[in-house]
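>
Protein chains: 2
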Amino acid sequence: MARSARPVLSSLGPVALDRDGAEPLHRQLYRALRQAVLDGRLRPGERLPPSRALATEWALSRNTVVTTYDTLLAEGYVTGRVGAGTFVAASLPDAAPGGAAGRDEARRGVGLSARGRALAEAPSIARDRVGRPFALGTPDLEAFPFALWAQLIGRCWRHGGRALATEPDPLGYGPLRAEIAAYLRAVRAVRCEPEQVVIVSGAQQGLALMAQLLLDPGDAAWVEEPGWPGNRAALLGAGARLVPVPVDGEGIDVAAGMARGADARLALVTPSHQFPLGVTMSLARRLRLLDWAAARDAWIVEDDYDSEFRYAGPPLAALQGLDGAGRVIYVGSFSKVMFPALRLGYVVVPPDLVEPVRAARRHFDGGTSVVPQAALHRFLADGHFASHLRAMRSLYAAKRTAILASIETAFAGFATAEAGEAGMHVLLRLPPDCPDHVLAGRAARIGLTTPCLSGYYRADAETADAVTGNGFLLGFAAHDPAALDRAVRDLARLAVDMPNG
Amino acid sequence: MARSARPVLSSLGPVALDRDGAEPLHRQLYRALRQAVLDGRLRPGERLPPSRALATEWALSRNTVVTTYDTLLAEGYVTGRVGAGTFVAASLPDAAPGGAAGRDEARRGVGLSARGRALAEAPSIARDRVGRPFALGTPDLEAFPFALWAQLIGRCWRHGGRALATEPDPLGYGPLRAEIAAYLRAVRAVRCEPEQVVIVSGAQQGLALMAQLLLDPGDAAWVEEPGWPGNRAALLGAGARLVPVPVDGEGIDVAAGMARGADARLALVTPSHQFPLGVTMSLARRLRLLDWAAARDAWIVEDDYDSEFRYAGPPLAALQGLDGAGRVIYVGSFSKVMFPALRLGYVVVPPDLVEPVRAARRHFDGGTSVVPQAALHRFLADGHFASHLRAMRSLYAAKRTAILASIETAFAGFATAEAGEAGMHVLLRLPPDCPDHVLAGRAARIGLTTPCLSGYYRADAETADAVTGNGFLLGFAAHDPAALDRAVRDLARLAVDMPNG
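Chain order of the listed sequences is Z and W. Just add 15 to the spot in the first sequence (first one is 1) and you have my numbering. Just add 15 to the spot in the second sequence (first one is 1) and you have my numbering.
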């Protein structure tokens with residue numbers, strides 16, 4: 016591959032760049048530097064040379080080096096601010112989607128199992144910092160009634176502490192399971208009895224638990240392409256072979272899934288509000304997916320991650336409610352309506368799976384603490400959940416309107432937003448000459464978090480050359496309209512400068 | 016095998032009993048009936064024939080049938096009370112230690128993965144019912160300061176709720192990790208920094224998490240023989256091959272371990288207070304185990320499940336504190352000092368494992384809810400934990416003295432108790448003509464929970480014929496001395512009647 020290998024940074028050793036190859040030089044340089052960070056040749060805190068100096072030394076355009084640095088910055092491998100230089104990050108980021116092979120060597124010495132290495136290296140969820148926009152999936156905590164919460168939680172334990180404290184059911188606190196079943200039946204048309212509701216420590220545990228229970232290493236599983244890395248990681252942690260299935264305007268393309276992996280044991284989907292594209296799965300597609308699962312005895316995991324926030328039209332019925340064959344597992348979370356550190360979610364399983372889940376749960380963790388469950392139960396049972404949800408829905412609707420207006424003004428003629436009718440983020444589509452990962456690097460330098468649409472593609476190596484989208488997912492729920500407007504305008508300025516930057 | 020097969024219960028179909036075989040008839044009958052329950056030929060709620068009728072019909076001694084029914088009753092496959100008949104249980108028990116092969120068929124139809132079936136079938140922890148004695152590992156909840164707890168937990172959220180609510184660290188709430196590190200350094204001579212402390216949803220999650228991270232399917236792992244089924248289940252859930260290693264007066268027999276499985280990747284041990292025998296691992300044995308692990312790059316998981324309750328002598332130092340090679344993972348729980356439904360424990364990992372654990376944790380569940388963590392942090396930081404522990408230690412010491420005195424009186428000349436100097440149970444050794452599983456069945460009919468020592472043997476099928484102990488583990492912490500005394504005397508009456516029963 017190497018046509019012209021030349022030594023670069025003294026600590027790096029020789030790096031091969033293929034100047035006539037198909038892969039752009041900035042991608043080659045990116046891979047080489049990232050590998051050096053991952054295997055420790057570039058040490059934490061070490062300063063990278065200024066882009067101009069490196070460009071001269073290596074006979075590259077400065078733009079190539081800047082683009083490379085920006086990508087490394089956006090993914091957290093290096094840190095730096097305008098004018099202050101670029102440094103290897105003190106702690107490595109979670110492996111970025113689609114590119115973590117290099118960590119293998121660094122970890123092998125520790126003595127992990129192969130599964131442990133896969134877990135440590137699986138694509139993970141970027142840690143959004145709440146602060147400046149546009150953190151994803153983060154609620155507005157200023158609007159949460161903490162004083163009320165404090166009162167309820169104290170009351171739970173003052174009266175009836177002893178009953179709460181005894182040996183718990185690994186499936187969850189009974190009264191909370193009953194409240195959730197009633198809520199899901201009424202609002203989401205989920206068909207379930209309280210016994211089918213399993214309380215988990217966040218939706219992520221629900222996904223991981225079901226993957227462990229239903230998939231063996233090597234089993235194929237459909238994942239939406241593009242999709243949420245945390246969902247894929249839950250399946251990878253169970254050793255699944257991911258089959259990326261494209262999403263179109265009707266949701267996951269079931270025919271494509273059957274063509275690519277008819278033998279799949281499971282399909283993990285987001286029918287209400289596809290992540291990240293925002294599509295709602297059509298009824299025809301839903302029925303087709305259910306038919307496939309029933310015919311194949313395959314499982315469908317319905318991740319209903321943010322369906323509480325719907326701003327127009329009636330609430331959507333869950334896919335689970337259409338299932339006559341008991342193949343759908345419905346997963347939801349309280350992190351977005353309540354607060355992230357609550358770590359409570361739920362899984363609704365077909366009746367046949369209740370006892371296997373109980374057994375598996377006993378082995379994995381024995382169940383979730385009753386402390387948050389009892390408090391949440393009171394919050395639901397006393398009607399506070401419903402009124403908090405109503406308040407947040409109208410607060411977020413206003414923020415959504417505001418960010419859409421800001422985008423229309425600031426990005427006029429350059430980029431457009433797709434908002435769907437639900438959720439806590441909008442999708443800003445960027446033009447091709449403004450690659451999202453490059454612009455994200457520049458945005459990071461001014462403190463903006465701009466999750467890249469392209470980063471949610473490429474579920475596995477096989478599809479590394481597949482088509483990807485180009486844009487940002489801009490979370491709006493945690494920020495006030497003025498802050499959103501400022502951030503949108505700052506971002507637009509960076510974007511407009513990009514093609515010539 | 017069948018010398019004389021004859022049809023029995025109409026719904027059972029033909030059952031083969033080998034009347035000249037080595038296996039006692041009551042064991043053969045037990046296996047046949049259990050299998051019929053597991054695969055649904057005997058349905059939940061169905062009544063079994065009276066023992067006298069069945070004995071006549073099958074030409075068995077009535078004692079054989081009674082013994083069989085008692086064993087099924089003790090393991091939860093059937094329910095019944097003296098005089099009211101015997102019925103198939105409405106819900107199946109967790110698979111009893113060492114004998115769950117029959118569930119396989121029942122579960123296969125559901126569509127679980129092979130791993131899912133293994134999880135559903137792995138030996139698990141019997142659910143002790145708190146009520147009449149002698150529940151294991153259950154603290155005295157009457158003595159827990161719930162009013163204080165209610166006050167602390169409310170205070171956490173009234174002041175600083177917003178800071179608690181934001182995106183959590185999957186490794187746990189920082190201030191709690193720091194408190195635990197300080198406590199373990201001071202009291203258990205554990206060598207650790209707060210960064211090495213990982214908060215988990217109970218010790219069971221700590222064990223399962225480490226097993227997933229460190230073991231691949233088929234990897235060998237040493238387990239103590241006898242030992243705790245939940246520990247084994249955590250390893251089985253990761254696909255490990257269990258190597259049962261005998262325990263003698265100095266703890267796990269390291270030489271025997273090396274002879275049986277020198278290639279093991281991990282040893283799971285209870286050095287402070289071996290479960291269930293109560294032995295403390297000798298220093299020589301500790302050093303030998305550490306040498307083995309260092310030489311082999313194997314891991315040692317130290318399960319320190321009840322070391323807080325030590326009634327004589329200075330606190331024991333943890334094995335972890337002797338480890339110079341970074342091979343020991345230390346696991347502890349708050350369920351026994353606080354209350355079971357709290358579901359909080361901790362794992363202290365070597366520094367190299369911190370980041371892999373964080374990554375694995377993100378995929379499995381994203382961390383434990385901050386709600387119980389923040390409350391426990393205040394309980395520790397304000398000194399309530401230390402004073403509650405002191406109070407419980409002296410309360411349990413008095414109960415331990417009382418139960419030992421009751422046993423000495425009631426079982427004089429028949430059976431003796433081994434108490435060690437620690438823990439929340441005593442070990443009652445029974446004479447050979449009084450098999451623990453048979454007596455447990457009779458005890459269950461009068462409402463007593465008497466976990467059988469023999470049930471903690473036979474970690475896997477290979478050792479099905481190995482030597483087993485015969486006795487009961489009698490938990491005393493949750494009951495007052497008068498109730499313990501009554502229960503001990505009731506049990507002694509059943510035991511003395513046994514050989515002629």
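In this text, a Cβ means the ideal position worked out from N, Cα and C, and glycines have one as well.
If I measure Cβ to Cβ from D480 (chain W) and keep anything under 8 Å in the same chain, skipping five residues before and after, which residues do I get?
Locating residue 480 (chain W) in the second sequence gives position 465, where the first residue counts as 1. A caution first: D480 (chain W) carries a pLDDT of 48, below 50, which makes its placement in the model too unreliable to give a value.
> Output the boundary residues of the alpha helix (DSSP H) element that contains A412 (chain W).
By 1-based counting over the second sequence, the position of residue 412 (chain W) is 397. Here the alpha helix (DSSP H) through A412 (chain W) covers H399 to A425.
> Since W172 (chain Z) meets chain W, which of its residues come closer than 7 Å, beta carbon to beta carbon?
As a first step, residue 172 (chain Z) must be located in the first sequence, where it is residue number 157. Here the neighbours are F161, W164, A165 and I168.
> From this set, W:R132, W:A68, W:A455 and W:G470, which residue's C-alpha is nearest V503 (chain W)'s C-alpha?
Residue mapping note: residue 503 (chain W) aligns to position 488 of the second sequence, counting from 1. The residue with the shortest Cα to Cα distance from V503 (chain W) is W:A455.
> For the putative contact between T488 (chain W) and H452 (chain W), defined by C-beta atoms under 8 Å, what is the C-beta separation to the nearest angstrom?
Residue numbering aside, residue 488 (chain W) sits at position 473 when the second sequence is read from its first letter. Residue numbering aside, residue 452 (chain W) sits at position 437 when the second sequence is read from its first letter. Thr is not the amino acid found at residue 488 (chain W); the sequence shown has Leu there. About 13 Å; that fails the 8 Å criterion.
> I need the boundaries of the alpha helix (DSSP H) containing R203 (chain W), first residue and last residue.
Walking along the second sequence from the start, residue 203 (chain W) turns up at place 188. G189 to R203 is the span of the alpha helix (DSSP H), which, as asked, contains R203 (chain W).
> Is the number of C-beta pairs between the segment 378-389 of chain W and the segment 412-429 of chain W that are closer than 8 Å three or more?
Result no; under three Cβ-Cβ pairs closer than 8 Å.
> Along chain W, in chain order, which residues have C-beta atoms closer than 8 Å to that of F394 (chain Z)?
On the first sequence, residue 394 (chain Z) is found 379 positions in, with the first residue counted as 1. By Cβ distance, chain W contributes nothing, its closest Cβ being about 12 Å from F394 (chain Z), past 8 Å.
> Give the DSSP bridge partners of P261 (chain Z), in chain order.
Residue 261 (chain Z) sits at position 246 when you count from the first residue of the first sequence. DSSP output for P261 (chain Z) lists Z:E240 as bridge partner(s).
> Find out if the Cβ-Cβ distance for the pair D318 (chain Z), K351 (chain Z) is shorter than 8 Å.
For the purposes of this step, residue 318 (chain Z) is taken as residue 303 along the first sequence, with counting starting at 1. For the purposes of this step, residue 351 (chain Z) is taken as residue 336 along the first sequence, with counting starting at 1. In this structure, K351 (chain Z) does not lie closer than 8 Å to D318 (chain Z) by Cβ.
> Kindly identify the DSSP beta-bridge partner or partners of D318 (chain W).
As a working mapping, residue 318 (chain W) is identified with position 303 in the second sequence. Per DSSP, W:V346.
> Under the three-state reduction of DSSP, which class applies to A497 (chain Z): helix, strand or coil?
Indexing the first sequence from 1 puts residue 497 (chain Z) at position 482. The answer is helix: DSSP assigns A497 (chain Z) an H, G or I state.
> Going by beta carbon distance, what residues of the same chain come within less than 6 Å of P190 (chain W), once the five residues before and after it are set aside?
Counting from 1 along the second sequence, the entry for residue 190 (chain W) is found at position 175. Answer for P190 (chain W): H392, listed in chain order.
> Could you please tell me which residues of the segment 363-387 of chain Z, in chain order, have their CB closer than 8 Å to any CB of chain W?
So the list reads D367, L368, E370, P371, A374, A375, R377, H378, F379, D380, G381, G382, T383, S384, V385, V386 and P387, given in the order they occur along the chain.
> What residue range is occupied by the uninterrupted alpha helix (DSSP H) comprising L228 (chain Z)?
Position 213 of the first sequence holds residue 228 (chain Z). A218 to L229 is the span of the alpha helix (DSSP H), which, as asked, contains L228 (chain Z).
> Please determine, among Z:A310, Z:L48 and Z:A135, the residue with the shortest C-alpha to C-alpha distance to V93 (chain Z).
Numbered from its first residue, the first sequence carries residue 93 (chain Z) at position 78. Nearest option by C-alpha distance: Z:L48.
> Does the count of Cβ pairs from the segment 216-223 of chain Z and the segment 375-387 of chain W closer than 8 Å reach three?
Yes: the two stretches touch, three or more of their Cβ pairs being nearer than 8 Å.
> Mind the definition here: the segment 348-368 of chain W touches the segment 355-373 of chain Z only if three or more C-beta pairs lie below 8 Å; say whether that holds.
Not touching, per the Cβ criterion.
> Tell me the DSSP secondary structure of C449 (chain Z) in three-state form.
Within the first sequence, residue 449 (chain Z) is the residue found at index 434, counting from 1. If DSSP states are grouped into helix, strand and coil, C449 (chain Z) belongs with coil.
> Here's a check: name, in chain order, each residue in its chain whose Cβ is nearer than 7 Å to the Cβ of E157 (chain W), leaving out the five neighbours to either side.
Here residue 157 (chain W) refers to the residue found at position 142 when the second sequence is read from its first residue. There are no such residues.
> Excluding the 5 residues preceding and the 5 following T483 (chain Z) in the sequence, name in chain order all residues of the same chain whose CB lies nearer than 6 Å to its CB.
Your numbering for residue 483 (chain Z) matches position 468 in the first sequence. Result list for T483 (chain Z): S469 and Y472, in chain order.
> Taking the beta strand (DSSP E) that V362 (chain W) falls in, what are its first and last residues?
Position 347 of the second sequence, counting from 1, holds the residue named residue 362 (chain W). From DSSP, the beta strand (DSSP E) with V362 (chain W) extends over G360 to V363.
> From the beta carbon of Q211 (chain W), is the nearest beta carbon of chain Z less than 8 Å away?
Residue numbering aside, residue 211 (chain W) sits at position 196 when the second sequence is read from its first letter. Not one chain Z Cβ lies under 8 Å of Q211 (chain W).
> How big is the Cα-Cα spacing for L228 (chain W) and R132 (chain W)?
Against the second sequence, residue 228 (chain W) aligns to sequence position 213. Against the second sequence, residue 132 (chain W) aligns to sequence position 117. In a straight line, the C-alpha of L228 (chain W) is about 20 Å away from that of R132 (chain W).
> Compare the Cα-Cα distances from K414 (chain Z) to each of Z:L302, Z:L292 and Z:A497 and report the closest residue.
What you label residue 414 (chain Z) is simply residue 399 of the first sequence in a count that begins at 1. If we check each option's Cα against that of K414 (chain Z), Z:A497 comes out closest.
> Which residue comes first and which comes last in the beta strand (DSSP E) that contains F487 (chain Z)?
What you label residue 487 (chain Z) is simply residue 472 of the first sequence in a count that begins at 1. F487 (chain Z) -> beta strand (DSSP E) spans G486 to G490.
> I think A236 (chain Z) touches R280 (chain Z), with their Cβ atoms under 8 Å apart; what is that distance to the nearest whole Å?
One-based indexing of the first sequence puts residue 236 (chain Z) at position 221. One-based indexing of the first sequence puts residue 280 (chain Z) at position 265. So it is a contact: roughly 6 Å between Cβ atoms.
> Check whether the Cβ atoms of V369 (chain W) and I344 (chain W) lie closer than 8 Å to each other.
Counting from 1 along the second sequence, the entry for residue 369 (chain W) is found at position 354. Counting from 1 along the second sequence, the entry for residue 344 (chain W) is found at position 329. Their beta carbons are not under 8 Å apart, which means V369 (chain W) does not touch I344 (chain W) by this criterion.
> Who are the near neighbours of P154 (chain Z) in its chain, counting only those whose CB is closer than 6 Å to its CB and skipping five residues on each side?
In the first sequence, residue 154 (chain Z) corresponds to position 139, counting from 1. Counting only Cβ-Cβ distances below 6 Å, and skipping sequence neighbours, we find K351 and A492.
> Which residues bound the alpha helix (DSSP H) around H378 (chain W)?
Stepping through the second sequence from its first residue, residue 378 (chain W) is reached at position 363. Per DSSP, H378 (chain W) belongs to the alpha helix (DSSP H) from V369 to F379.
> Going by C-alpha to C-alpha distance, which of W:R200, W:P185 and W:P209 sits closest to A193 (chain W)?
Along the second sequence, read from residue 1 onward, the residue named residue 193 (chain W) stands at position 178. Comparing Cα-Cα distances from A193 (chain W) to each of W:R200, W:P185 and W:P209, the minimum goes to W:P209.
> Should G95 (chain Z) be labelled buried (16 or more other beta-carbon atoms within 10 Å of its own) or exposed?
Numbered from 1 along the first sequence, position 80 holds the residue referred to as residue 95 (chain Z). Classification for G95 (chain Z): buried.
> Where P450 (chain W) and G126 (chain W) are concerned, what is the direct C-alpha to C-alpha distance, given to the nearest angstrom?
Here the question's residue 450 (chain W) lines up with position 435 in the second sequence. Here the question's residue 126 (chain W) lines up with position 111 in the second sequence. Whole-angstrom Cα-Cα distance: 39 Å.
> Helix, strand or coil: which one does DSSP assign to F394 (chain Z)?
Here residue 394 (chain Z) refers to the residue found at position 379 of the first sequence. Residue state, collapsed to three classes: helix.
> Given that a residue counts as buried once 16 or more other Cβ atoms are within 10 Å of its Cβ, and exposed if not, what is T295 (chain Z)?
Looking up residue 295 (chain Z) in the first sequence gives position 280. Label assigned to T295 (chain Z): buried.
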